[in-house]
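Numbering (the working numbering), first residue to last: 683 to 989.
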């Protein structure tokens, strides 16, 4: 499958390089773009290498434009006298089939070209499609030209016209293939699907909902021991301020006795003496004891002692 590209990013020169054949007119590189010169008239430029088949596409960027014919050519012969042309003339885009120098308009899109427009033409079998900026503007079935492998540019030689970024390539299954930006592999719905996994920012372990779950525990601020409700609970007792000993109510109680002031001894009134028949009674305190009595008679009366 053949392809060809040129971005024209090189020094200004009238020599375009080995990739091009100037079929007519004088082309040049100017400010990293392709210039058709300013001599007037229509001129043609062809890529030196041919495509592999007549099923191919070609596109170019219109870097600068004016109201003059300019566009791209595909499925052409070596001198571009036959093939298909997609060009703008300042008022519309027109698609032509060209057979031995005879041009036939086979499709039109009414719009003037603007700087930056990308003109593209594709031929696959008898289906001819023309695009502007990737949007299909004309599609026709035409068998006027069935062979041809040359691609190129056809333009009026005018200083106001500039081209850039030329690309051409064979088409497979009716689709123009460009350089792949990325490659994706389709995954089966019934199987596993793979994807590119970036570097993991963090790693986490899932915990089973039916089991225990772990977590990072910080440093303990304090430790407390729970006491059983039905058991004994201990507590730190402060130093005792005083001690008391309880005495049972049924026992004896002692107390410190002070010094005795005096002592008295009671005598029974019925006591009687034995000597001389005289009853003796002690009355008073030990400091001055005295006795009172009289000679016993057959009967006596109590009274005060006589002296």
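Glycine included, every Cβ here is placed at the ideal spot set by N, Cα and C.
DSSP state of residue i mapped onto helix, strand, coil
i	result
residue 708	coil
residue 835	strand
residue 776	strand
residue 727	strand
residue 803	strand
residue 844	strand
residue 687	strand
residue 735	coil
residue 828	coil
residue 692	coil
residue 745	strand
residue 814	strand
residue 721	coil
residue 850	strand
residue 698	coil
residue 821	strand
Residue i, buried or exposed, once every other Cβ within 10 Å from all chains shown has been counted against 16
i	result
residue 747	buried
residue 683	exposed
residue 713	exposed
residue 807	exposed
residue 780	buried
residue 761	exposed
residue 694	exposed
residue 717	buried
residue 853	buried
Of the listed residues the options, nearest to residue i (C-alpha basis)
i	options	result
residue 697	708, 689, 688	708
residue 812	843, 778, 720, 798	778
residue 792	805, 771, 800	771
residue 769	799, 854, 824	799
residue 820	854, 767, 782	767
residue 706	688, 692, 716, 728	728
residue 796	853, 774, 782, 765	774
residue 759	841, 726, 853	726
residue 719	853, 845, 824	845
residue 824	743, 794, 804	804
residue 802	692, 787, 715, 744	744
residue 721	841, 854, 794	841
residue 826	786, 814, 688, 752	786
residue 702	776, 688, 814	688
Whether residue i touches residue j by CB criterion (9 Å)
i	j	result
residue 738	residue 831	yes
residue 750	residue 838	yes
residue 690	residue 833	no
residue 848	residue 704	no
residue 754	residue 843	no
residue 733	residue 816	no
residue 730	residue 710	no
residue 789	residue 764	no
residue 723	residue 757	no
Any C-beta of chain C under 9 Å from that of residue i
i	result
residue 748	Note that chain C does not occur in the displayed structure, where there is just one protein chain.
**Message:** At 3 residues or longer, what runs of the beta strand (DSSP E) sit wholly inside the region 752-801?
**Reply:** 752-758, 765-770, 775-781, 784-791
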